[in-house]
Every structure is written in structure tokens, then in C-alpha cells.
Amino acid sequence: GLVGSEMCIRDSPNIAPYGEMIFTKDSTWVVLAIGTDQQFALFCKLIGAPQLSGDPLYLSNADRVKNRKSLHRKISEIVKGLNASDLIDPCEDAKIPIGRIKNMKEVMDNPIARQMIREESIQGESTQLLQSIAFMIED
């Protein structure tokens, strides 16, 4: 399950579906970050609903933002019949921004996240801090 009482993901006010969370058949939360009409059309095709991208309510990003709630309901209805990997893998292969929402244990089990833990002493107390920069610059 998720750590904490709520997830801190917010829909974009200018792009849809962007920031929308959807729940899959295998009980996985996924977040969408679809920013273009082309990505949206391909996403609709990949989830087996190509007609959705041709719907006048969702033709352009402006239309999708205006009709965000009904779009979210329709996508959620379709996706609840798919396992996360059956959704995420094809989207990633097609370069459609999507991601599985992880709980804190899953995040911290990742070796990259563990490398970001910094141990130091503050006023004689041993502490662990998480670095806030999540990328490395390499020569």
C-alpha cells in the first residue's frame, strides 16, 4: 500500500491527461503524463480505445483539459481491465510518459535511492538524510 494518507500528485491545469492517476486490474496506481495530441492518440490505440482520440470532446489538448473529468472516467474504466505491465510496457516502448506510483518502501529499496542517503551527525546525533538532487553529472 501507499505510505501516508494521500498521494501528492496533481493534475496539470494546462495539459490533459497529465498527472491523472489511474488504477489497474492488478491494484497498481499509475500516473499519466501525456502532453501531445500524438501521444494521446497513440495511448488510446494502445489501451484498445482508438475512438477516444477521435471523440470531439477530446480532439485537442484544450478539449481534453475542458473535459478532464469525463476523460479520466473513461480512461479509468478501460485501464481497470489491464494489468500494470500490459499498460506501462507498451507505453514506455512507444515513448508515452507514464509511470507506476511507488510507495516509500519501494522507492527506498531501489539501489539508486539508497545511494542518495547521506549519513551525518547533527549536534552529536547520527542522522540519515536524503539528498534532494536526483541526477548525477558525469564527464
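Sequential numbering from 8 applies to the sequence shown in my numbering.
Note that the Cβ used here is the ideal one computed from N, Cα and C, for glycine as well.
Since the model is a prediction, treat every value here as computed from it, not as a measurement.
- One Cα belongs to A120, the other to P63, and the distance between them is close to 43 Å.
- The shortest C-alpha to C-alpha distance from I95 to any of S19, I41 and K112 is the one to I41.
- Cβ neighbours of P104 within its own chain (closer than 6 Å, five residues either side excluded): A40.
- Here L94 carries a helix assignment [DSSP, helix/strand/coil].
- Counting along the chain, the unbroken alpha helix (DSSP H) around E113 starts and ends at M111 to M115.
- No Cβ-Cβ contact shorter than 8 Å links K73 with L59.
- Within the same chain, Cβ atoms closer than 7 Å to the Cβ of A91 are found at T31, D33, T35, V37 and R107, the five residues on either side in sequence being excluded.
- Bridge partners of S128 according to DSSP: S133.
- Counting only the Cα atoms, L137 lies some 14 Å from S128.
- Here L64 carries a coil assignment [DSSP, helix/strand/coil].
- Taking each of Q135, N117 and D116 in turn and checking the Cα distance to R125, the smallest one comes out for Q135.
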